[in-house]
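K.L.:
What follows is a single structure, and I will ask about it in a moment.
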Amino acid sequence: LKKDILNKFPQNVSITLEGTPQVTGFMEVTVNGKLVHSKKNGDGYVNTKEKLEKIFAAIEASLSC
44 LKKDILNKFP
54 QNVSITLEGT
64 PQVTGFMEVT
74 VNGKLVHSKK
84 NGDGYVNTKE
94 KLEKIFAAIE
104 ASLSC
């Protein structure tokens, strides 16, 4: 996911990764404080084009502000 985001947005994007010890990971994506994808809340892995495009759209909207 990090690679996909940085390929699409090579500038003005910062990615922070935080491990979740003893858990398979929550995989939450937050853009400017807004949660846009959460495995923990039922969105699952980012394993479809639609899920990736949803994240890209949130980043694009944030950058255009």
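Count the sequence shown with the numbering used here and you get residues 44 to 108, in order.
Ideal Cβ placement from N, Cα and C applies to all residues, glycine included.
1. Based on DSSP bridge pairs, tell me the residues matched to Glu113.
2. Assuming Glu93 is part of the alpha helix (DSSP H), what are its boundary residues?
3. If the criterion is Cβ atoms closer than 8 Å, does the pair Phe69 and Lys82 meet it?
4. Using the rule of at least 16 other Cβ atoms within 10 Å of the residue's Cβ for burial, across every protein chain shown, is Val66 buried or exposed?
5. Less than 8 Å separating the beta-carbons of Asp86 and Lys92?
P.N.:
The short version:
1. Lying before the first or after the last residue shown, residue 113 is absent from the chain, which here runs from 44 to 108.
2. That run of the alpha helix (DSSP H) goes 92-106.
3. Annotated as proximal: Phe69 and Lys82, with beta-carbon spacing under 8 Å.
4. Sixteen is the threshold: since fewer than 16 other Cβ atoms of the shown chains lie within 10 Å of the Cβ of Val66, the residue is exposed.
5. No. Outside cutoff.
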